[in-house]
Every structure is written in C-alpha cells, then in structure tokens.
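Undergrad: Those letters in the sequence shown? Residues 0 to 466, per numbering that gives the first Met the number 0, in order. Glycine included, C-beta positions come from ideal geometry on N, C-alpha and C. Predicted model, so just to flag it, every value in this text is computed and none were measured.
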Amino acid sequence: MALNALNRHLALIGFMGAGKTTLAEEVAARLGRRAVDADRLLEGRAQISIPAFFAQRGETEFRVAEASLARETFRQATPAVVALGGGAVKTPEVRSTLRERALTVLVDVDVDTAWERTKATDRPLAQDEDVFRRLFDERQPLYRDIADAVARDADGIILAAAGIHHELGALELLGELVPGDGPVALVADSRVMGIHGPGAQTALGDRLRSRHELPAGEAAKQLHAVERLWSELRLDRSGTIVALGGGALTDAAGLAAALYLRGIPWVAVPTTLVGQIDAGIGGKTAIDIPQGKNLVGAFHWPSRVIIDEALLTTLAERERRQGEAERIKTELLARRALDIRSAAAYKAALCLRDPRDRDVRQWLNLGHTFAHALEAAADFDLPHGEAVALGLLAALRLSGRDTSRVVDALDPQPVKVDRERAWEALQRDKKRSGDAINLVLLGDEGPYLEARPSDEVRAALDNLIAS
Ligand SMILES: NC(=O)c1ccc[n+]([C@@H]2O[C@H](COP(=O)([O-])OP(=O)(O)OC[C@H]3O[C@@H](n4cnc5c(N)ncnc54)[C@H](O)[C@@H]3O)[C@@H](O)[C@H]2O)c1
Ligand SMILES: [Zn+2]
C-alpha cells in the first residue's frame, strides 16, 4: 500500500460526476505536475468520442484500450496527477498498475450529486437513473478496496498525497492509522504525555511496545535527549516511532527515527497549532547545537501525519498565538483565508513539490529572515510567533503591500533588542548573496524570491526595533 505521492503518480478514481477531471487539474497545478485525463487521452488517440467508442466497439474493447493507456501513463517516470474513468478499476490490470505505480485516491461523491451532474450528458452509463444508481452501489466496494485514501476536494487530495490524515477525534484511531502492523514506540514530551499519552496508549492497544518522554519545549531538541531515547528504544526495522507533541517534540523524535537503525518509519501526531499547520508536515527534522537552532537534522518524511484538532483544546492561549502567526503567514502566501486543514494542505503541496527545500518550499520562510534575526538578538527570549509577526510586517513593507491583515490579526509591537546584534544575525542568515540579501517577497501573482540591497533590508529591520 502506498503511503504518499512523493515521486509517485497520484491517481484519482471514483464514480462519474465526482469531479475527477477538474480536481486533477487543480491538484496538478498546486503540485507543479502534469494533469492527465485518461478518458480525454483515449478519445484523442482513438479519434472518437467515448459514447461513440462504446456504441461502435463495445465496452470490452473500450476496457482493453483504457488499460493499455493506463499502463503507458503510469510507466512514465515523471509523476503526474491522473484522473481515471469511472470504470477503469474494473480491469484487474489497471488495479495492479495502480498498486505498483500510484498513490490512489478515491474522489468520493454521493449518488444524488453524481446523477445531477451527469444525467444531461451523453455518457453511455448515465442514460437511465436506475441503472446509474445500481452501478454506483456496485462500484463502491471496488473503489474502496483499491483506494489508499478517500477525499472530497483538492485540499483533501493533497493531504492524502502527503500522507496526512485530518479528522476530529483521530487520536482514538491511532492503532489503525499507524501504517503496518508492527510494534510502536510512543514518544511524547513530558507535559503532553500526561495530557494525551493515556488516550494514545489506549488507541495503540497491543501495538504499543514502549513509552518514552523527552523534555517539554525546545529542550527536547538536544543531542543528549535524543541519545537517551535511542538507548531506550527496543524496536527493529518493523517498528514505528509515534511522536506526540509540538514542533519541538516532532523535530527531535523525527530525527531520532531518521537515524535509528539507519532510519525507521515515524508517525507525527502534532499537538500544537504550529505542529498541525507547519512543523509536523514535510519531513524536516532537526535538533539544536550551541552554534544555532536546527543546525543538525535530516529529511525524513513521516509515514503518516495525524491532525486531530481536538488535541488543541488543552493548548495554552500563548502557544496558540505562535501558530496564528504561521497561519497568517500561510494565508498571505496562499492569498486566501485558510483554516487548519487548508493551511496544512498548502504547506503539504509546497513540500511535495520541493521536498528538499531548494525552491518553492522556501516561500514558507516569508518574514523569517527578520524573525530569526530578532530572536537571536533577544537571546531567543522572544516567542517565535511574535518575531514572525514582525517579520511579516517587514516583508510586506518591502513588497510594497498593505500590512493591515498582519496588524489586525497579530498586532505586532516593536521589540527592544540591540540593533547591531540583530543586523549581524540577519547578515549571517544563509540566504545572503554578495551585498544583497535574498528574501521571500509577495507580488500580485504570489510569493517570489528576490535579492534586496543591504541598506533597504537594514532599514526594514530597524523599523521593527523599539528605540
Ligand atoms: N520541522 C519543521 O518543518 C518545523 C517548522 C516549524 C517549526 N519547527 C520547530 O517547532 C518548534 C516549535 O514548536 P511548537 O510551537 O509546537 O512548540 P513546542 O513543541 O515547544 O511546544 C510548546 C509547549 O506546548 C506544550 N504542548 C504541546 N502540545 C500541547 C497540548 N496539546 N496541550 C497542552 N500543552 C501542549 C509543550 O509541552 C510545550 O511546553 C521549534 O523548535 C521549531 O524549530 C519545525
Ligand atoms: Zn516559523
């Protein structure tokens, strides 16, 4: 069973009228991939419409042609987003191709909606309502059997493509949601273990092999904390680390999984807003060293991310505000309002496009060059969310854009830090080239990377500092 669509085709299956063609185009655009509509491709090749193909050559011949095109499409090396015809999965060869080559997502639709959308078309199998409804019921078990995930919209498909399961109360399903059937080591920070550990433990049932605590907050991201965890683990390669906690915990436990036995699977269960829309997604893991935050790490994509918004009810307001800053950042990048689910999907799409952070994933650093400089100048005694709120202000000003969204939502206040220290920290930032500084800025068409002259950047930074 495929766990995600990293370097893998993404196949959309489901009944006619589910919207697969439109969704394939939208998802492909967001993932920077080619969209393929199997029916349109077949019509182009055969130089005949599908209703005419059915009428003149019959369904059996149609299925043979459809399977052969599917094989060809899924053999291509560059991963695409492929919308398959409603009956394609009837053919065993199509099913085996999907299992080998794709992450398969069922685009779910109810029968009434599907009928409304197709009754006036010339689709051969949508001419009689009774036949249509019978076929719908017949197909459902087939779809659900072959699908790796089920979704109803573009965000849902993208979340599935990243291996993310978003559901209220999902913690209770943890035992089934951790891929495979091997043993699990549950890792949580000391605070979260006390709050949500018992629920996780019950949900894991027999699969729970051991429980481990790391210190709460940033203290988890220390080599000695991870080393102690390694010394406690008793998993072989069939085992999975389940990381339950905020971004600090998932960063540390993810790194522990990346290196233990040269890499074992891990599942992220983020319990903070920062974790659910940002840190738990995309497979970046890291610990801190005295020379800087996040300087030692690995890319290790979690085999599943479980987003259960119910876990956030126990989160302190101060912690929630940290996540608000990242959510507003994501709204600015996406240029639309986002809830937790859609913000997670936005980040997931960028990470799937650019898993190694060489290109579009860097957009997520909007405001962060300034934020990191202010945090360093404050000896990290400045909450990241507050620093990000200020950084967003600077990025918007340098982009020549309106700042009211950030001001209204986050009310950033200038901080008292040493200007020289902040400037030195900013110049050490990795995104520097010559006498200009690379920044993520916002244009009418969305985010872009641009080098800006040092004096402009310094002036923008100074503006964030209280005199
Ligand atoms: N890997 C990435 O892509 C990525 C992205 C963004 C941030 N990060 C990292 O994430 C870290 C920040 O994460 P964070 O903001 O989630 O903070 P955190 O992990 O430090 O958690 C903050 C505090 O909240 C507590 N907590 C967590 N969940 C709780 C809950 N449900 N109820 C009550 N208390 C709870 C924790 O015990 C901790 O004391 C930083 O180290 C940052 O570098 C990583
Ligand atoms: Zn951040």
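Between E325 and ligand 2, is there a pair consisting of the residue's CB and a ligand heavy atom that are separated by less than 7 Å?
TA: Position 326 of the sequence shown, counted from the first residue, corresponds to residue 325. Indeed, a heavy atom of ligand 2 lies less than 7 Å from the Cβ.
Undergrad: For ligand 2, I want to know if H367 counts as a neighbour, meaning its beta carbon is within less than 7 Å of at least one of the ligand's heavy atoms.
TA: Here residue 367 is taken as the residue at index 368 of the sequence shown, counted from 1. Yes, the beta carbon of H367 sits closer than 7 Å to at least one heavy atom of ligand 2.
Undergrad: My guess is that I464 and A450 are in contact by the Cβ rule of under 8 Å, so how many angstroms apart are they, rounded?
TA: Taking the first residue of the sequence shown as 1, we reach residue 464 at position 465. Taking the first residue of the sequence shown as 1, we reach residue 450 at position 451. The beta-carbon separation of I464 and A450, rounded to 23 Å, does not stay under the 8 Å limit for a contact.
Undergrad: With distances taken from CA atoms, which of Y259, T284, L260 and L234 is nearest G245?
TA: Mapped onto the sequence shown, residue 245 falls at position 246. The residue with the shortest Cα to Cα distance from G245 is T284.
Undergrad: Taking the alpha-carbon positions, what's the G442 to A408 distance?
TA: To locate residue 442, count along the sequence shown from 1; it is residue 443. To locate residue 408, count along the sequence shown from 1; it is residue 409. Cα to Cα, the separation comes out at about 21 Å.
Undergrad: Less than 8 Å between the CB atoms is what I'm expecting for A377 and V405, so what's the real figure, rounded?
TA: If you number the sequence shown from 1, residue 377 lands on position 378. If you number the sequence shown from 1, residue 405 lands on position 406. Incorrect: roughly 20 Å between the Cβ atoms, too far for contact.
Undergrad: Indicate, with yes or no, if ligand 2 has a heavy atom lying under 7 Å from the CB of V387.
TA: Taking the first residue of the sequence shown as 1, we reach residue 387 at position 388. Yes, the beta carbon of V387 sits closer than 7 Å to at least one heavy atom of ligand 2.
Undergrad: Three-state secondary structure (DSSP) at H195?
TA: Looking up residue 195 in the sequence shown gives position 196. Helix at H195.
Undergrad: Kindly give me the distance between the Cβ atoms of G168 and D307, rounded to whole angstroms, as I take these residues to be in contact under 8 Å.
TA: Position 169 of the sequence shown holds residue 168. Position 308 of the sequence shown holds residue 307. About 6 Å; that satisfies the 8 Å criterion.
Undergrad: What do you reckon, is the C-beta of E25 under 7 Å from a heavy atom of ligand 1?
TA: If you number the sequence shown from 1, residue 25 lands on position 26. Not under cutoff, so the answer is no.
Undergrad: So L228 and A187 are supposed to be a Cβ contact under 8 Å. How far apart are they, rounded?
TA: As a first step, residue 228 must be located in the sequence shown, where it is residue number 229. As a first step, residue 187 must be located in the sequence shown, where it is residue number 188. 11 Å between Cβ atoms; not a contact.
Undergrad: Would you report the Cα separation of G162 and E171, rounded to the nearest angstrom?
TA: The residue given as residue 162 occupies position 163 in the sequence shown. The residue given as residue 171 occupies position 172 in the sequence shown. Each residue's Cα considered, the two are about 18 Å apart.
Undergrad: By how many angstroms is the C-alpha of G181 removed from the C-alpha of P197?
TA: As a working note, residue 197 is residue 198 in the sequence shown. As a working note, residue 181 is residue 182 in the sequence shown. Distance between the alpha carbons of P197 and G181: 20 Å.
Undergrad: In terms of residue numbering, what span does the beta strand (DSSP E) encompassing K415 cover?
TA: Here residue 415 corresponds to residue number 416 of the sequence shown, with the count starting at 1. Counting along the chain, K415 falls outside any beta strand (DSSP E), and DSSP gives it neither H nor E.
Undergrad: Quick one: is the Cβ of D188 within less than 7 Å of any heavy atom of ligand 1?
TA: The residue given as residue 188 occupies position 189 in the sequence shown. At least one heavy atom of ligand 1 is nearer than 7 Å to the Cβ of D188, so yes.
Undergrad: Enumerate in chain order the residues of its own chain whose CB-to-CB distance from Q200 is below 8 Å, with the five nearest sequence positions on each side excluded.
TA: Taking the first residue of the sequence shown as 1, we reach residue 200 at position 201. So the qualifying residues of the chain are L185, L207 and R210.
Undergrad: Output needed for S48: all residues of its chain with C-beta closer than 7 Å, excluding positions within five of it in sequence on either side, in chain order.
TA: For the purposes of this step, residue 48 is taken as residue 49 along the sequence shown, with counting starting at 1. Around S48: E42.
Undergrad: Is the beta carbon of R303 less than 8 Å from the beta carbon of H165?
TA: Stepping through the sequence shown from its first residue, residue 303 is reached at position 304. Stepping through the sequence shown from its first residue, residue 165 is reached at position 166. Against a cut-off of 8 Å, the Cβ pair of H165 and R303 comes out as no contact.
Undergrad: With DSSP as the reference, please indicate the residues paired to K283 in a beta bridge.
TA: Position 284 of the sequence shown, counting from 1, holds the residue named residue 283. BP columns for K283 point to F298.
Undergrad: Who pairs with L105 in a beta bridge, going by DSSP?
TA: On the sequence shown, residue 105 is found 106 positions in, with the first residue counted as 1. Paired residue(s): I12 and V149.
Undergrad: Given 7 Å as the limit, tell me if H211 has its C-beta closer than that to any heavy atom belonging to ligand 2.
TA: Locating residue 211 in the sequence shown gives position 212, where the first residue counts as 1. No, Cβ of H211 sits at least 7 Å from all heavy atoms of ligand 2.
Undergrad: Let's see if you can read the secondary structure: which residues bound the alpha helix (DSSP H) around A347?
TA: For the purposes of this step, residue 347 is identified with residue 348 of the sequence shown, where counting begins at 1. In the DSSP assignment, A347 falls within the unbroken alpha helix (DSSP H) covering I339 to R352.
Undergrad: Would you report the Cα separation of Q361 and V439, rounded to the nearest angstrom?
TA: Residue numbering aside, residue 361 sits at position 362 when the sequence shown is read from its first letter. Residue numbering aside, residue 439 sits at position 440 when the sequence shown is read from its first letter. Cα to Cα, Q361 sits roughly 8 Å from V439.
Undergrad: Please confirm whether any heavy atom of ligand 1 lies closer than 7 Å to the CB of K283.
TA: For the purposes of this step, residue 283 is identified with residue 284 of the sequence shown, where counting begins at 1. Yes, the Cβ of K283 comes within 7 Å of a heavy atom of ligand 1.
Undergrad: Mind the definition here: the region 233–243 touches the region 262–280 only if three or more C-beta pairs lie below 8 Å; say whether that holds.
TA: The region 262–280 and the region 233–243 touch, with three or more beta-carbon pairs separated by less than 8 Å.
Undergrad: Rounded to whole angstroms, what's the CA-CA distance from L176 to L373? Just pull it up for me.
TA: Start at 1 with the first residue of the sequence shown, and residue 176 comes out as number 177. Start at 1 with the first residue of the sequence shown, and residue 373 comes out as number 374. Approximately 40 Å, taken between the alpha carbons.
Undergrad: Does the distance from the CB of A10 to the CB of A101 come in under 8 Å?
TA: Taking the sequence shown and counting its residues from 1, the one referred to as residue 10 is at position 11. Taking the sequence shown and counting its residues from 1, the one referred to as residue 101 is at position 102. The answer is yes: Cβ separation under 8 Å.
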